[in-house]
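Asks: Position 184 (the sequence shown) corresponds to 188 in our numbering; numbering is contiguous. We treat Cβ as the ideally placed atom computed from N, Cα and C, and that holds for glycine. Okay, here's the structure, questions in a sec.
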Amino acid sequence: MFKKIVFACCSLFVLQTYAQKHPLVAADSLAQSKWVDSIMQKMTLDQKIGQLFMVASYSNRDQAHAKEIENLIIKYEIGGVIFFQGTIEGHAKLINQYQSVSKIPMLIGIDAEWGLNMRLENTTPFPYNMALGAIRDNQLIEEFGEHVGKHIKRLGMQIDFAPSVDINVNPENPIIGNRSFGEDRDNVTEKAGRFIKGMQGQQVLVSAKHFPGHGDTATDSHKALPVLDFSMQRLDSIELYPYRKLIPNGLTGVMVSHLSVPAIEPDSNIPTSISANAITKLLKQDMKFQGLIYTDALNMQGITSYVKPGEIDYAAFMAGNDVLLFAESVSMGHKKIKEAYEKKVITEERLDHSVRKILMAKYWAGLDKVQTSGSQ
5 MFKKIVFACC SLFVLQTYAQ KHPLVAADSL AQSKWVDSIM QKMTLDQKIG QLFMVASYSN
65 RDQAHAKEIE NLIIKYEIGG VIFFQGTIEG HAKLINQYQS VSKIPMLIGI DAEWGLNMRL
125 ENTTPFPYNM ALGAIRDNQL IEEFGEHVGK HIKRLGMQID FAPSVDINVN PENPIIGNRS
185 FGEDRDNVTE KAGRFIKGMQ GQQVLVSAKH FPGHGDTATD SHKALPVLDF SMQRLDSIEL
245 YPYRKLIPNG LTGVMVSHLS VPAIEPDSNI PTSISANAIT KLLKQDMKFQ GLIYTDALNM
305 QGITSYVKPG EIDYAAFMAG NDVLLFAESV SMGHKKIKEA YEKKVITEER LDHSVRKILM
365 AKYWAGLDKV QTSGSQ
């Protein structure tokens, strides 16, 4: 299976052009380019590979957990951390601790689809997307995005893994449901666009999800691999519709889900999250997306049933992902990618393509300056 992935990726990969404005280009693009170049020129191979990884951290766990994450930051110089359950105080402490030991500022993210309350105790709970989907005044959705963005930035984070742009057309869907703005593609797209505008206006990166579309499934990809056995015509009219509308308007990030979609990836043993057909060919080449591409969590059974830890990270990178989210074994994944690079399976151009985008995103989010929790 991996030979298929490698062959497909090598044959499909091309460096994206800047035909349309790159979503990660900052207003002061010359200063941004200079900052990115200055870091790239000094980076070792190990440092570049480390930038691809984003690991999970929890502020409601013990000091041993925090030390484990700190060791990964120091040893592998990972590019980021995604935070899950805990408290405001606990998150703030760990964010400051982690950034203080990182040579290159890290991207810090969180799932905050309805605000920090999705993960953190004693924070403001905003309505779920389904409730927001019923609002007629879309200016309120933009203001919602602004408020969530301010909360995230105030805590020293730069990414919200939101919004869900899934079209919730299946009432038996066990995982999307009220996380969606609804079943109407135009309303979902409009609401998501206004949320993104509000969020990105606060210098917070977003990640539209779950590409290519998780709304019409009756299976939870945390537990198994959902199958979307639809034609490309149907996928374009429903699942892919929001992405095609949002990408030209400056969308900074997309999260790729663990799905089996035969019309996109004929091999049933290759989930979309590690499919070059889905990511490099469809999302990057056909849909012209130039922002950051994140995997969905790499510990979910929708992917772990098909690929082993370490090999998952390698396969996901080869398929075209930039950020390997919730990597279970950074050591194994790092080793596998490095070996492929040394064997010239992965080119310097391919690796630099993702690392440059990651650094561009860091500058775009203000990480060229020291950011600590509570400093905004």
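How should residue 353 be labelled, buried or exposed, when 16 other C-beta atoms within 10 angstroms of its C-beta is the threshold for buried?
Replies: Exposed is the call here.
Asks: Three or more beta-carbon pairs under 8 Å between the region 135 to 142 and the region 185 to 202, yes or no?
Replies: With a cut-off of 8 Å, the region 185 to 202 and the region 135 to 142 count as touching, because enough Cβ pairs lie within range.
Asks: What residue from 333, 321, 296 has the CA that sits closest to residue 312's CA?
Replies: Taking only the C-alpha atoms, the option nearest residue 312 is 333.
Asks: Which residues in the same chain as residue 295 place their Cβ atom closer than 7 Å to its Cβ, once the five residues preceding and following it in sequence are excluded?
Replies: If we look at residue 295 and ignore the five residues flanking it on each side, its Cβ neighbours are 27, 28, 255, 256, 257, 258.
Asks: To which residues of the same chain is residue 249 closer than 8 Å at the C-beta, ignoring the five residues directly before and after it?
Replies: Cβ neighbours of residue 249 beyond the five flanking positions: 193, 197.
Asks: Within the region 59 to 102, note down every full beta strand (DSSP E) run reaching 3 residues or more, in order along the chain.
Replies: For the region 59 to 102, whole beta strand (DSSP E) runs of length 3 or above, ordered along the chain, are 84 to 87.
Asks: In its own chain, which residues sit with a C-beta less than 8 Å from the C-beta of residue 181, not counting the 5 before and 5 after it?
Replies: If we look at residue 181 and ignore the five residues flanking it on each side, its Cβ neighbours are 134, 172.
Asks: Which whole-angstrom value describes the C-beta separation of residue 59 and residue 78, a residue pair presumed to lie in contact below a C-beta threshold of 8 Å?
Replies: About 13 Å; that fails the 8 Å criterion.
Asks: In the region 93 to 166, which residue ranges form an unbroken alpha helix (DSSP H) of at least 4 residues, counting only runs that do not cross its ends?
Replies: The qualifying runs are 133 to 136, 142 to 158.
Asks: In terms of residues, what are the limits of the alpha helix (DSSP H) holding residue 359?
Replies: Taken as a continuous stretch (DSSP letters only), the alpha helix (DSSP H) holding residue 359 covers 352 to 368.
Asks: Would you please state the rounded distance, in angstroms, between the beta carbons of residue 362 and residue 319? I believe it to be under 8 Å.
Replies: That belief does not hold up - the Cβ atoms of residue 362 and residue 319 are roughly 19 Å apart, past 8 Å.
Asks: Can you have a look at residue 205 and say buried or exposed, based on whether 16 or more other CB atoms are within 10 angstroms of its CB?
Replies: Classification of residue 205: exposed, given that the 10 Å Cβ count is below 16.
Asks: Residues in its own chain within less than 6 Å of residue 230 by CB, not counting five upstream and five downstream?
Replies: Excluding positions up to five away in sequence, the list reads 221, 223, 263.
Asks: Output the distance between the C-alpha atoms of residue 154 and residue 112, rounded to the nearest integer angstrom.
Replies: About 14 Å.
Asks: Between 365, 131, 158, 99, which lies nearest to residue 148 when the distance is taken from Cα to Cα?
Replies: Closest option to residue 148, Cα to Cα, is 131.
Asks: As an exercise, report each continuous alpha helix (DSSP H) stretch of at least 4 residues that is fully enclosed by the region 300 to 336, in chain order.
Replies: With a minimum length of 4 residues, the continuous alpha helix (DSSP H) runs that stay inside the region 300 to 336 are 305 to 308, 315 to 323.
Asks: So what's residue 259 in DSSP terms, helix, strand or just coil?
Replies: DSSP places residue 259 in strand when its eight states are reduced to three.
Asks: Which residues in the same chain as residue 167 place their Cβ atom closer than 6 Å to its Cβ, once the five residues preceding and following it in sequence are excluded?
Replies: So the qualifying residues of the chain are 196, 199.
Asks: Tell me, to the nearest whole angstrom, how far the beta carbon of residue 202 is from that of residue 150; I am working on the premise that it is less than 8 Å.
Replies: That belief holds up - the Cβ atoms of residue 202 and residue 150 are roughly 4 Å apart, short of 8 Å.
Asks: Could you give the DSSP three-state label for residue 349: helix, strand or coil?
Replies: Residue state, collapsed to three classes: coil.
Asks: Only counting the same chain, and skipping five residues up and downstream in sequence, which positions put a Cβ closer than 6 Å to that of residue 87?
Replies: Only 61, 95, 114 meet the Cβ criterion.
Asks: Counting only the same chain and skipping the five closest in sequence on each side, list residues whose C-beta sits under 7 Å from that of residue 238.
Replies: Answer for residue 238: no residue qualifies.
Asks: According to DSSP, is residue 293 helix, strand or coil?
Replies: Coil at residue 293, not helix or strand.
Asks: Since residue 52 is in the alpha helix (DSSP H), which residue starts that stretch and which ends it?
Replies: Element bounds for residue 52: 49 to 54.
Asks: Relative to the C-alpha of residue 123, which residue among 92, 300, 136 is closest?
Replies: Minimum Cα distance to residue 123 is reached at 92.
Asks: From the DSSP output, in three-state form, read off residue 210 for me.
Replies: Residue state, collapsed to three classes: strand.
Asks: Under three-state DSSP, which class holds residue 7?
Replies: The pLDDT assigned to residue 7 is 47, lower than 50, so where the model puts this residue is not dependable, and the model offers no usable value.
Asks: Measuring only the C-alpha atoms, how far is residue 214 from residue 169?
Replies: Residue 214 and residue 169: Cα-Cα distance of roughly 7 Å.
Asks: Using a threshold of 9 Å, state whether the C-beta atoms of residue 179 and residue 218 are closer than that.
Replies: Cβ distance < 9 Å, so residue 179 and residue 218 count as in contact.
Asks: Please classify residue 234: does DSSP put it in a helix, a strand, or coil?
Replies: If DSSP states are grouped into helix, strand and coil, residue 234 belongs with coil.
Asks: Give me the Cα-Cα distance between residue 350 and residue 287, rounded to the nearest whole angstrom.
Replies: If I take the Cα positions, the gap works out to 20 Å.
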